[in-house]
Amino acid sequence: MRTQIGDERSLKAKPMITNVIVNLRPGAEQKVVFITARVHPGETPASFVCQGIIDFLVSQHPIAKVLRDHLVFKIAPMLNPDGVYLGNYRCSLMGFDLNRHWANPSPWAHPTLHGVKQLIVEMYNNPKINLEFYIDIHAHSTMMNGFMYGNIFENEERFQRQAVFPKLLCQNAEDFSYSSTSFNRDAVKAGTGRRFLGGLLNDTSYCYTLEVSFYSYIVGGTTAAVPYTEEAYMKLGRNVARTFLDYYKLNSLVERPLAATPKTRKEKLPVFKCNTQQGQGTSHADSKPEKRSQAHLKDQSLPAQ
């Protein structure tokens with residue numbers, strides 16, 4: 172039986188919107204993937220990655236159809252619209268770094284965070300819904316490639332299961348680096364969406380920060396940096412969406428032959444290789460001594476749970 176949760180203001184339970192199951196086949200379990208982006212207004216690549224996810228999910232691609240039949244995607248593509256409008260780099264209209272206020276968002280000072288958190292809490296409290304993923308999309312100013320930050324758990328099995336999605340994404344996206352992916356519980360990150368929701372939700376939920384470089388990526392086995400373009404960012408978003416097919420083992424349900432992934436510009440399809448090249452530059456404060464890297468993970472296939 173699921174325990175009810177809430178914040179200091181005791182969020183009032185509201186009836187869930189009935190159209191949450193519109194795209195699910197009859198009787199399907201309501202598994203929810205919640206995605207947010209652009210909480211830091213200057214991180215424009217996050218918007219292109221999020222656009223790639225959205226474009227793919229609403230397309231007629233066979234994989235997108237299967238995903239819509241089995242999963243519910245909730246997407247908030249811009250958490251800091253005021254900051255974006257003003258041209259701020261990191262803060263909101265009132266000067267707040269919104270990604271440090273998830274623990275106690277004010278409906279007046281942090282309205283977007285307050286609303287999104289309220290929706291997440293309501294979904295979590297609904298026994299018919301399993302909120303299984305939260306992914307917050309950002310851009311990184313010093314690291315190369317795409318990579319993820321995850322959380323540390325005392326339960327070793329849960330910690331190992333958390334590594335499954337980044338490993339699968341690494342196989343699907345040539346510009347995603349698992350070697351740059353890290354797991355931590357730094358105190359300075361306690362107010363972020365990834366850290367706060369990782370501690371709030373239960374052990375069937377996984378929360379990540381998806382980072383992508385502002386400038387370039389290195390394909391595994393090479394040393395040349397490839398500049399990111401708008402299309403390359405959107406392709407990473409499409410690959411993030413496709414990875415849920417592998418995670419939930421839905422491949423057998425996809426119609427054959429597969430149609431090409433929809434693209435906005437002409438582009439040669441790459442042969443994906445799992446990138447183990449470490450991006451250059453200094454990482455975030457996430458890379459503190461408390462960080463646990465992939466060296467601590469058992470390098471074996473784990474069942475998706």
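Reminder that position 215 of the sequence shown reads as 386 in this note's numbering, one-by-one numbering, no gaps.
In this text, a Cβ means the ideal position worked out from N, Cα and C, and glycines have one as well.
Cβ of I246 within 8 Å of Cβ of I206? yes
Below 8 Å, how does it come out for the segment 373-385 and the segment 281-291: are there three or more Cβ pairs, yes or no? no
Going straight from the alpha carbon of E327 to that of Y256, what length do you get? 43 Å
Please go through the same chain and pick out, in chain order, the residues whose beta-carbon is closer than 6 Å to the beta-carbon of A396, but skip the five residues on each side of it. S387 and I389
Cutting at 7 Å between CB atoms, please list the residues of its own chain near C262, excluding the five before and the five after it. G254 and D268
Are H211 and H309 close, meaning C-beta to C-beta below 8 Å? yes
I believe V204 touches F415 by the beta-carbon criterion, under 8 Å. Please report the beta-carbon distance rounded to the nearest angstrom. 7 Å
Within the continuous beta strand (DSSP E) that includes D357, where are the two ends? Note, D357: premise wrong, no beta strand (DSSP E); not H, not E.
Give every residue of the same chain whose Cβ lies closer than 6 Å to the Cβ of G364, excluding the five residues on either side of it in the sequence, and list them in chain order. W273 and D307
Other residues of its chain near F324: CB distance less than 6 Å, five sequence neighbours each side excluded: F330
Nearest-angstrom Cα separation, counted from Q342 out to D226: 21 Å
Which class does Q231 belong to by DSSP, given the choice of helix, strand or coil? coil
On a Cα-Cα basis, can you pick out the residue from A235, Q231, R332 and Q201 that is closest to N410? A235
Quick one: Cα of E214 to Cα of E303, how far? 26 Å
Which residues in the same chain have their Cβ closer than 6 Å to the Cβ of P278, if we skip the five residues on either side of it in sequence? H285
Run of the alpha helix (DSSP H) containing V292, from where it starts to where it stops: P282 to N296
Counting along the chain, where does the alpha helix (DSSP H) carrying R256 start and finish? First, the amino acid is wrong: residue 256 is Tyr here, not Arg. Per DSSP, Y256 belongs to the alpha helix (DSSP H) from P252 to L257.
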